[in-house]
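Just below is one structure, and these are the notes that go with it.
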Amino acid sequence: MTATSASPLLAIRSLRAAYGKIEALKGVDLDINPGEIVALIGANGAGKSTLMMTIFGKPRARAGRILFDGRDITDLPTHQIARLRIAQAPEGRRIFPRMSVAENLQMGADATDSGEADRAAGLERVLTLFPRLKERMAQRGGTLSGGEQQMLAIGRALMSRPRLLMLDEPSLGLAPLIARQIFDAIRTLNRQDGLTVLIVEQNANHALRLAHRGYVMVNGLITLAGTGAELLQRPEIRAAYLEGGRRA
Amino acid sequence: MDYFAQQLINGIVLGSIYGLIAIGYTMVYGIVGMINFAHGDIFMIGGFIALISFLILVSIGLTVVPVILLIVLLVSMAITALYGWTVERIAYRPLRHSFRLAPMLSAIGMSFVLSNYSQVAQGARVKPVPPIITGGYTLLEQNGFVVRLSNVQIIVVVTTIVLLAIFTWLVARTRLGRDMRACEQDQTMAALLGVDVDRTISMTFVIGAALAAVAGMMYLLYYGLVDFYMGFVAGIKAFTAAVLGGIGSLPGAMLGGLAIGLIETLWSAYFSVEYKDVAAFSILIIVLIFLPTGLLGRPEVEKV
């Protein structure tokens with residue numbers, strides 16, 4: 001697979017990563033263009049979450065390059081990558097359980113040294129998207145429900161005014177209604193604010209309908225790529241990820 | 249009653265010193281999950297630096313006691329903080345991703361290094377100083393028994409309260425404090441949010457060492473002596489205080505410090521001085537049987 005766009009916001013080239021001796025990424029190529037929603041789908045253990053974490057250097061890439069806005073970030077320390085305004089709502093949400101909702105959001109704002117005005121505007125935006133959080137501001141993160149935690153994880157990521165937002169299974173374990181609210185919020189952010197999004201999902205149907213383009217990952221390799229609509233039509237996608245059967 | 253009141257005062261003063269040291273144990277445990285066995289020796293280093301800077305100030309002819317105390321306080325905090333930073337940098341950080349016991353063993357080694365280094369550099373004998381702060385107040389006089397509150401005691405307790413207030417504000421309200429709490433709860437996520445985890449851990453050691461330095465200086469003022477070995481017993485006591493209060497809990501460290509100080513003092517006053525340590529550790533054991541996470545510790549399980 002080769003890059004098609006002139007200047008992708010994120011370009012991943014032949015990326016390899018491993019946990020100890022287990023190779024999780026075996027040479028991944030992937031592009032995300034500015035303003036795009038890109039979906040990454042695949043079965044459990046395919047390496048989707050690893051790819052997201054490797055972009056942040058956790059684990060470090062064994063080979064290959066990661067370019068953000070043309071700059072090589074492969075060997076940058078994790079916190080400096082975050083300060084380039086790449087934000088992630090990671091697998092398992094990873095809310096700070098003993099911090100209030102307000103502090104969790106502040107942690108997101110701290111990631112980029114934005115001014116007080118930007119911070120207030122960002123907070124306003126997050127609370128408009130997820131009004132539920134407004135009622136929970138003083139509550140500890142650990143006491144929120146799963147859906148609220150997911151909203152908080154996305155809200156926290158948004159507080160850094162990201163140029164690239166990465167979402168790892170935002171609908172996992174949520175009631176369908178809440179999941180829809182979250183997908184709606186992502187669509188709104190993309191359309192209104194031009195936010196670039198990489199979304200990892202097992203719910204391929206949802207993700208491919210939302211995304212402009214999608215990649216399919218199997219055993220640490222990208223096996224298919226195309227627009228969301230194209231991928232939804234592919235028989236092997238329908239068989240593997242859409243029609244009930246979730247074969248590895 | 250008057251005897252009890254006097255012992256209460258003594259216990260609170262001793263407890264303040266333990267509490268200041270205990271905070272360093274509990275902070276480091278919270279953020280990197282290791283017991284920093286060299287922390288007691290950092291306290292000892294703080295005492296020595298206070299002594300040395302005091303002697304230097306006096307020898308250059310400074311006589312205004314409050315000014316001397318303030319300079320000694322700041323100098324010993326700064327230099328001891330540097331020791332704390334260095335110990336973390338050379339003995340713990342390289343081992344952070346090693347097996348769990350490695351930094352702990354390294355800490356025990358560091359403890360020996362620091363105390364032996366002080367023994368070689370400063371000599372093995374106890375270093376006494378003449379009372380720097382004298383005087384005090386008689387609170388009560390009854391049946392020939394006098395309850396006294398000395399100026400040193402006031403200074404120890406007031407300094408501890410002021411520092412704790414600043415420290416609590418720092419942890420609860422500042423960016424650094426928030427970063428420290430974030431690292432304590434989830435280091436990977438903190439890094440994903442732009443927190444420089446290494447720097448935050450360094451700062452934790454720096455702050456812990458600065459508080460231990462204050463404890464060292466207070467010890468010097470209160471007991472009028474320091475020696476290279478004083479970090480061992482005080483360190484074990486403060487560690488006990490941190491466990492008693494609930495390791496990882498900052499208010500717990502202070503509460504545990506006060507508890508150990510009071511138990512020790514009251515036991516010495518009413519039973520026997522020889523068994524005061526036995527009493528303190530026995531109470532620790534009893535508390536841990538009924539509250540395995542200490543007085544203010546939180547259970548390990550968190551709702552996620």
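Order-wise, the sequence lines are chains V and P.
Using my numbering, read the first sequence as starting at 1 and increasing by one per residue.
Using my numbering, read the second sequence as starting at 249 and increasing by one per residue.
Each residue gets a CB set at the ideal place from its N, CA and C atoms; glycine is no exception.
Please read these numbers as outputs of a predicted model, since none were measured by experiment.
By the criterion of Cβ-Cβ separation under 7 Å, what are the contact partners of residue i in chain V?
i, result
"T436 (chain P)", "K58"
Residues of chain P with a CB under 7 Å from the CB of residue i: which are they?
i, result
"M107 (chain V)", "R426, A430 and L441"
"R94 (chain V)", "D434 and M437"
Take residue i as the anchor and find which of the options has the nearest alpha-carbon.
i, options, result
"A225 (chain V)", "V:G20, V:G27 and V:A39", "V:A39"
"G91 (chain V)", "V:S14, V:I73, V:G214 and V:L51", "In the sequence as displayed, the identity of residue 91 (chain V) is Glu instead of Gly. E91 (chain V) has its Cα closest to that of V:L51, out of V:S14, V:I73, V:G214 and V:L51."
"M431 (chain P)", "V:I222, V:R71, V:N44 and V:F96", "At residue 431 (chain P) the sequence reads Cys, which differs from the Met that was named. When only C-alpha atoms are compared, the closest one is V:F96."
"I338 (chain P)", "P:S520, P:S450, P:A439 and P:F529", "P:S450"
"Q401 (chain P)", "P:M466, P:L441, P:A355 and P:T436", "P:M466"
"P351 (chain P)", "P:A490, P:M282, P:T274 and P:S516", "P:M282"
"I269 (chain P)", "P:L330, P:A507, P:A490 and P:F519", "P:A490"
"L158 (chain V)", "V:A211, V:A109 and V:E135", "V:A109"
"V445 (chain P)", "P:L424, P:K524, P:D289 and P:V320", "P:L424"
"L164 (chain V)", "V:I154, V:F130, V:L172 and V:A175", "V:I154"
"L387 (chain P)", "P:D250, P:A527 and P:L503", "P:D250"
"R13 (chain V)", "V:P34, V:G47, V:Y215 and V:L67", "V:L67"
"A282 (chain V)", "V:A229, V:N205, V:K58 and V:G27", "Given that chain V is displayed from residue 1 to residue 248, the structure contains no residue 282 (chain V) and the question cannot be resolved."
"H212 (chain V)", "V:V218, V:I222 and V:A229", "V:A229"
"V313 (chain P)", "P:I381, P:P342 and P:W333", "P:I381"
"I22 (chain V)", "V:R191, V:G64, V:G47 and V:L231", "V:G47"
"R429 (chain P)", "P:T274, P:F285 and P:V405", "P:T274"
"G173 (chain V)", "V:T112, V:P34 and V:N203", "V:N203"
"S49 (chain V)", "V:N33, V:R238 and V:A89", "V:A89"
"N44 (chain V)", "V:R156, V:R85 and V:N219", "V:N219"
"L177 (chain V)", "V:L189, V:D69, V:Q106 and V:H206", "V:H206"
"G384 (chain P)", "P:I403, P:V535 and P:K375", "P:I403"
"F130 (chain V)", "V:R140, V:L105 and V:T112", "V:L105"
"G7 (chain V)", "V:R161, V:P34, V:G142 and V:D184", "For the sequence presented, residue 7 (chain V) should be read as Ser rather than Gly. The option with the nearest alpha carbon to S7 (chain V) is V:P34."
"P379 (chain P)", "P:Q370, P:R373, P:A372 and P:N399", "P:N399"
"E36 (chain V)", "V:Q233, V:I237 and V:I199", "V:I199"
Along chain V, in chain order, which residues have C-beta atoms closer than 8 Å to that of residue i?
i, result
"D444 (chain P)", "P77 and H79"
"R423 (chain P)", "D110"
Going along chain P in order, which residues have a C-beta closer than 9 Å to the C-beta of residue i?
i, result
"P90 (chain V)", "T436, M437 and L440"
"A82 (chain V)", "A439, L440, L441, G442 and V443"
"R163 (chain V)", "None at all; the shortest Cβ gap to chain P is about 14 Å."
Mark residue i as exposed unless 16 or more other C-beta atoms lie within 10 angstroms of its C-beta, in which case mark it buried.
i, result
"Y241 (chain V)", "buried"
"I414 (chain P)", "exposed"
"Y266 (chain P)", "buried"
"E550 (chain P)", "At E550 (chain P), the pLDDT of 45 sits below 50, so the modelled position is not reliable; the number obtained from the coordinates is stated separately. The residue in question, E550 (chain P), is exposed, as its Cβ has fewer than 16 Cβ neighbours within 10 Å."
"T4 (chain V)", "The predicted position of T4 (chain V) is uncertain, since its pLDDT is 48 and thus under 50; a value taken from the coordinates is nonetheless stated next. Answer is exposed; the Cβ neighbour count stays below 16."
"W417 (chain P)", "exposed"
"A148 (chain V)", "Residue identity check: residue 148 (chain V) is Glu in the sequence provided, not Ala. It counts as buried."
"V481 (chain P)", "exposed"
"H345 (chain P)", "exposed"
"R180 (chain V)", "exposed"
"G409 (chain P)", "Checking the sequence shown, residue 409 (chain P) turns out to be Ile, not Gly. Exposed."
"D31 (chain V)", "buried"
"D193 (chain V)", "exposed"
"G500 (chain P)", "buried"
"I55 (chain V)", "buried"
"Y215 (chain V)", "buried"
"A252 (chain V)", "Examination of residue 252 (chain V) is not possible in this model, given that chain V is present from 1 through 248 alone."
"N391 (chain P)", "exposed"
"I297 (chain P)", "buried"
"E135 (chain V)", "exposed"
"Q150 (chain V)", "buried"
"P575 (chain P)", "This structure does not reach residue 575 (chain P), given that chain P is present from 249 up to 552, and the question cannot be answered."
"P235 (chain V)", "exposed"
>> Please list, in chain order, the residues of the segment 101–128 of chain V that have any C-beta partner in chain P closer than 8 Å.
In response: E103, Q106, M107, G108, D110, A111 and T112
> For the segment 506–543 of chain P, which segments carrying the alpha helix (DSSP H) assignment without a break, of at least 4 residues, lie completely within its bounds, in sequence order?
Replying inline: 524–538
>> Report the start-end ranges of each alpha helix (DSSP H) in the segment 148–195 of chain V that is 4 residues or longer and not cut off at the edges.
In response: 176–193
> Residue ranges of each beta strand (DSSP E) run of no fewer than 3 residues wholly in the segment 374–442 of chain P, ordered along the chain?
Replying inline: 384–390 and 393–398
>> If we require 4 or more residues per run, which alpha helix (DSSP H) segments fall completely within the segment 295–366 of chain P?
In response: 313–335
>> Give the list of continuous beta strand (DSSP E) stretches no shorter than 3 residues that lie fully inside the segment 8–56 of chain V.
In response: 10–19, 22–32 and 37–42
> What are the uninterrupted segments assigned as beta strand (DSSP E) that are 3 or more residues long and contained completely in the segment 457–494 of chain P, given in chain order?
Replying inline: none
>> Suppose only complete runs of 4+ residues qualify. What are the alpha helix (DSSP H) ranges in the segment 57–124 of chain V, listed by chain order?
In response: 78–83 and 101–110
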